[in-house]
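Participant:
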Amino acid sequence: MPKIFVLLFSLILASTALLAQPEAPKGYHWEKVDALSDEFSKLDEDKWNYSLWNYTPPNIMMKSQANAENGKLCIKAELHDDTIRWMKTCRIMSKAQISYPMYTECRMKAADISAYNTYWLNNGNSRDRNEIDICENNANPTNPKTKHGLKDFPYIMQSNIHHAVDSVNLRSPSYASTRHLSKDNKNKDKNFHESYHTMGLYWEDDRKCHWFLDGEYVGFSSSKRPFTRELNIIFDLWSNSWDGFPTKESLKDDSRNTMYVDWIHTFKLMKD
């Protein structure tokens, strides 16, 4: 397949959002991957697993905290009756795996609490893994010393590559802000909990990942090691001490404690 160093974009106007998809190179086309695409009319257990391994406290992953309602995947963070793991939440992982060249995008709205709303791909564990983080967003951090700052973090889509071998993890981070979107973009200057945002990944080859936000190309990362694994797609909601834990009052508030995914669409690059 020819390398694509300058991306050309075909803008597709949909009823819900403006999507950006890289133009397929000559002799290729994008083919939808049904096993990794969903409109979430239900939580389809033929496509998704509940992945319930735990991050550090106060998180505890529980099946009860994820379902599909009104055409949305809903992951809710609530108070749990435990003094150490007092935030119950969930993680959903695809049963199917995929490798490059591919493109995936989702339309997502963050919970308005101090927690990471994530859309990512992974295969492995903390010692050995290939991982691509499309979006990690904390829409309402409580730690004033968070590295991006309380005022900026809610607008930022953190993207990253993690490649760990024998516990040596090499990272390739990237950051995009809605404050840097073009002036006519309807989501310019909107944080991640006040509107739905469309975010995407074009995984081009064994090193390069290109990032999209609200119909615009916002940068790329290059892995410091070549990718060697097929990856699962994951959605989850979780908290950590770096950016501050959510207040217990926010976890009781159903108007702000839920992350929503409207849809996910995934494509594989195929020869004509």
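Here the sequence shown is numbered in this note's numbering, starting from -1 and rising by one per residue. The C-beta atom is built at its ideal place from N, Cα and C for all residues, glycine as well. Computed from a prediction, not measured in an experiment: that's the story for all the values here.
Closest by CA to residue 35, which one among 268, 269, 259?
Facilitator: Closest option to residue 35, Cα to Cα, is 259.
Participant: I'd like to confirm the pairing. Which residues does DSSP put opposite residue 271 in its beta bridges?
Facilitator: In the structure as shown, the chain begins at -1 and stops at 270. Residue 271 is therefore absent and cannot be evaluated.
Participant: Go through the region 170 to 236 residue by residue and report every complete run of the beta strand (DSSP E) that reaches 3 residues or more, in order.
Facilitator: Those beta strand (DSSP E) runs which fall completely within the region 170 to 236 and span 3+ residues are 172 to 175, 195 to 201, 206 to 211, 214 to 220, 230 to 236.
Participant: Please state whether the Cβ-Cβ distance between residue 30 and residue 208 is less than 8 Å.
Facilitator: For residue 30 and residue 208, no; Cβs fall outside 8 Å.
Participant: When we look at the beta-carbon of residue 70 and count the other beta-carbons within 10 Å, is it buried (16 or more) or exposed?
Facilitator: The residue in question, residue 70, is buried, as its Cβ has 16 or more Cβ neighbours within 10 Å.
Participant: Relative to the alpha-carbon of residue 188, which residue among 130, 137, 160 has its alpha-carbon at the smallest distance?
Facilitator: Of 130, 137, 160, the residue nearest in Cα terms is 137.
Participant: Counting along the chain, where does the beta strand (DSSP E) carrying residue 119 start and finish?
Facilitator: Its beta strand (DSSP E) spans residues 114 to 122.
Participant: Which word fits residue 68, buried or exposed, when buried means at least 16 other C-beta atoms lie within 10 angstroms of its C-beta?
Facilitator: Per the 10 Å Cβ criterion, exposed.
Participant: Assuming residue 144 and residue 243 are in contact, meaning their beta carbons sit under 8 Å apart, how far apart are those beta carbons, in whole angstroms?
Facilitator: Contact doesn't hold; Cβ gap of about 12 Å is too wide.
Participant: Do three or more CB pairs link the region 122 to 130 to the region 98 to 106 at distances below 8 Å?
Facilitator: No, they do not touch.
Participant: Contact between the region 80 to 94 and the region 174 to 184 is defined here as three or more beta-carbon pairs at a separation below 8 Å; is this criterion met?
Facilitator: No: the two stretches stay apart, fewer than three of their Cβ pairs being nearer than 8 Å.
Participant: Is it buried or exposed, residue 44, if we count other Cβ atoms within 10 angstroms and call 16 or more buried?
Facilitator: With fewer than 16 Cβ atoms within 10 Å of its Cβ, residue 44 is classed as exposed.
Participant: So, is the C-beta of residue 93 closer than 8 Å to a C-beta in chain D?
Facilitator: Protein chain content of the structure displayed is limited to a single chain, and chain D is not contained in it.
Participant: Can the beta-carbon of residue 158 be found closer than 8 Å to that of residue 229?
Facilitator: No, Cβ-Cβ distance for residue 158 and residue 229 is not below 8 Å.
Participant: Taking C-beta to C-beta, are residue 60 and residue 88 nearer than 8 Å?
Facilitator: Yes, they are a contact pair.
Participant: Identify the continuous alpha helix (DSSP H) that holds residue 43 and give its terminal residues.
Facilitator: That residue, residue 43, is in no alpha helix (DSSP H); it is neither H nor E in DSSP.
Participant: Which residue wins for smallest C-alpha separation from residue 223, given the options 203, 234, 233, 173?
Facilitator: Here the closest residue by C-alpha is 203.
Participant: Sorted by chain position, which residues of the same chain lie with C-beta nearer than 6 Å to residue 24's C-beta, five sequence neighbours on each side aside?
Facilitator: Result list for residue 24: empty, nothing under 6 Å.
Participant: Less than 8 Å separating the beta-carbons of residue 212 and residue 226?
Facilitator: The answer is no: Cβ separation not under 8 Å.
Participant: Start and end of the beta strand (DSSP E) containing residue 157?
Facilitator: From DSSP, the beta strand (DSSP E) with residue 157 extends over 154 to 163.
Participant: With 16 as the cutoff for other CB atoms within 10 Å, does residue 54 come out buried or exposed?
Facilitator: When all chains shown are included, residue 54 counts as exposed.
Participant: Quick test of your reading: residue 90 and residue 233, contact by CB under 8 Å. State the CB separation rounded to the nearest angstrom.
Facilitator: About 5 Å separates the two Cβ atoms, so the contact holds.
Participant: Which residues in the same chain as residue 168 place their Cβ atom closer than 7 Å to its Cβ, once the five residues preceding and following it in sequence are excluded?
Facilitator: Counting only Cβ-Cβ distances below 7 Å, and skipping sequence neighbours, we find 161, 222, 223.
Participant: Where does residue 32 fall in DSSP's three states?
Facilitator: Residue state, collapsed to three classes: helix.
Participant: Got a sec, what are the start and stop residues for the beta strand (DSSP E) residue 86 sits in?
Facilitator: 85 to 87 is the extent of the beta strand (DSSP E) around residue 86.
Participant: Buried or exposed: residue 240, going by 16 or more other Cβ atoms within 10 Å of its Cβ?
Facilitator: Looking at its Cβ environment, which holds fewer than 16 other Cβ atoms inside 10 Å, residue 240 is exposed.
Participant: Just the Cα atoms here: how many angstroms apart are residue 193 and residue 147?
Facilitator: Taking the straight line from one Cα to the other gives about 21 Å.
Participant: Assign residue 246 to one of two classes, buried (16 or more other C-beta atoms within 10 Å of its C-beta) or exposed (fewer than that).
Facilitator: Exposed, by the Cβ-count rule.
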